[in-house]
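In our numbering, the protein residues as written are 527 to 847. Have a look at the structure below, then the notes.
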């Protein structure tokens, strides 16, 4: 069978177009993945700020079950219910009616009482430390911030120079799953002990982490699996409904496992600023370092003034006699 030159050219062109379209079809997912990573890097800060704003005005009522399993020992399970309240950069952690921990931008504290009919007394009062922001305090398992991995902000992780994406997939429902590696324990960096793993986040919820499975570098191999379930987005509070954590590590005795499952009722925190201070429990506010310095400075200045006044009066008295 003979082909005309025109027919041959048409065949070659159609084959070339088919090849180009195939290459583009195969390259599209990689391009989409790269786009998702770039969006995450660019939008992570905004997501962090928005979610932090939401969490900073949220109150969680938490029912939690925590289980510890260690080789050669019976498993231990603890059920507890507590209330975790955030307002701006202050928090209260109430584990029952007679034990409360709290913090604000001036000091952190713990107060207790023997019964509801007896007065509160302070068991701990420390000054606020800027390096350990009380708004990020790890006061409980559910206190793990949902826009971080192993307490490290997501924006810090994805913008770290050693962060490397192994695989990224964007599902039909818009969720983005990222498998990554990162170098930990670098001087001057906040990566802590992360080595890598994978996490799923939701761009529609300011890149809030939905689930994560990460490897942690330590004295023994440690794997942490976490998941979080959110309710409908709210403009007033962080609508977290359920959280779980599974941590396993090995030592000389074998594999150790710690898990918790928590159901959460989230609502807007309506507490006034004074509720996050010792005065709310009928206790005096502590004398802070700056106030102590001011106090001792005033005492010293007064002492010097009185000394000069005494010398002046003595000299004047001597001159009069």
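Heads up, the beta-carbon is just placed ideally off N, CA and C, and yes, glycines get one too.
| query | result |
| --- | --- |
| Classify residue 838 as buried or exposed, calling it buried when 16 or more other Cβ atoms lie within 10 Å of its own Cβ. | exposed |
| Excluding five sequence neighbours on each side, which residues of the same chain lie with their C-beta closer than 6 angstroms to the C-beta of residue 609? | 587 and 620 |
| Judging by CA-CA distance, which residue of 571, 827 and 800 is the nearest neighbour of residue 681? | 571 |
| Out of curiosity, what's the CA-to-CA distance linking residue 761 and residue 613? | 15 angstroms |
| Sort 730, 577, 807 and 828 by Cα distance to residue 627 and report the nearest one. | 807 |
| How should residue 771 be labelled, buried or exposed, when 16 other C-beta atoms within 10 angstroms of its C-beta is the threshold for buried? | buried |
| Just to confirm my understanding: we take residue 746, look at its own chain, exclude 5 residues before and 5 after, and list those with CB closer than 8 angstroms. What are they? | 775, 776 and 777 |
| Assign residue 538 to one of three DSSP states: helix, strand, or coil. | Note that residue 538 scores 37 on pLDDT, short of 50, meaning its location in the model is unreliable; the coordinates nonetheless yield the value given after this. Helix. |
| Of the choices 616, 690 and 599, whose alpha-carbon is the least far from that of residue 798? | 616 |
| Considering just the uninterrupted stretch of the beta strand (DSSP E) at residue 707, what are its terminal residues? | 702-707 |
| Which of the three DSSP states, helix, strand or coil, is assigned to residue 689? | coil |
| Check whether the region 752-767 touches the region 593-605, counting contact only when three or more Cβ pairs, one atom from each stretch, lie closer than 8 angstroms. | no |
| Compute the distance between the beta-carbons of residue 584 and residue 792, then report whether it is under 8 angstroms. | yes |
| Quick one: Cα of residue 641 to Cα of residue 597, how far? | 38 angstroms |
| Can you tell me where the beta strand (DSSP E) with residue 720 in it begins and where it stops? | 720-728 |
| I'd like to confirm the pairing. Which residues does DSSP put opposite residue 618 in its beta bridges? | 611 and 628 |
| Applying the criterion that 16 or more other CB atoms from any shown protein chain within 10 Å of the CB defines a buried residue, is residue 566 buried or exposed? | buried |
| Cα separation between residue 790 and residue 708? | 32 angstroms |
| DSSP has residue 763 in a bridge; who is on the other side? | In DSSP, residue 763 forms no bridge with anything. |
| Mind checking which residues open and close the beta strand (DSSP E) that includes residue 650? | 647-653 |
| In whole angstroms, give me the CA-to-CA distance for residue 834 and residue 632. | 37 angstroms |
| Hey, quick one: how far does the alpha helix (DSSP H) through residue 684 stretch, first residue to last? | 680-684 |
| State the Cα-Cα distance for the pair residue 830 and residue 840, rounded to the nearest angstrom. | 15 angstroms |
| Please report the distance separating the alpha-carbon of residue 639 from that of residue 786. | 28 angstroms |
| Near residue 773, what residues of its chain come up, given a Cβ to Cβ distance below 6 angstroms and the 5 sequence neighbours on each side ignored? | 750 and 784 |
| Once DSSP output is grouped into helix, strand and coil, what is the label at residue 561? | helix |
| Between residue 652 and residue 805, what straight-line distance do the alpha-carbon atoms span, to the nearest angstrom? | 15 angstroms |
| Could you tell me the alpha carbon to alpha carbon distance between residue 593 and residue 826, rounded to whole angstroms? | 56 angstroms |
| Report back the beta-carbon spacing between residue 618 and residue 732 to the nearest angstrom; my notes put them in contact at under 8 angstroms. | The Cβ separation is near 25 angstroms, so there is no contact. |
| Would you list the residues sitting across from residue 741 in a DSSP beta bridge? | 722 and 749 |
| Can you tell me whether residue 496 is buried or exposed? The criterion is at least 16 other CB atoms within 10 Å of its CB, across all chains shown. | Since the first and last residues shown for the chain are 527 and 847, residue 496 lies out of range. |
| With 16 as the cutoff for other CB atoms within 10 Å, does residue 590 come out buried or exposed? | buried |
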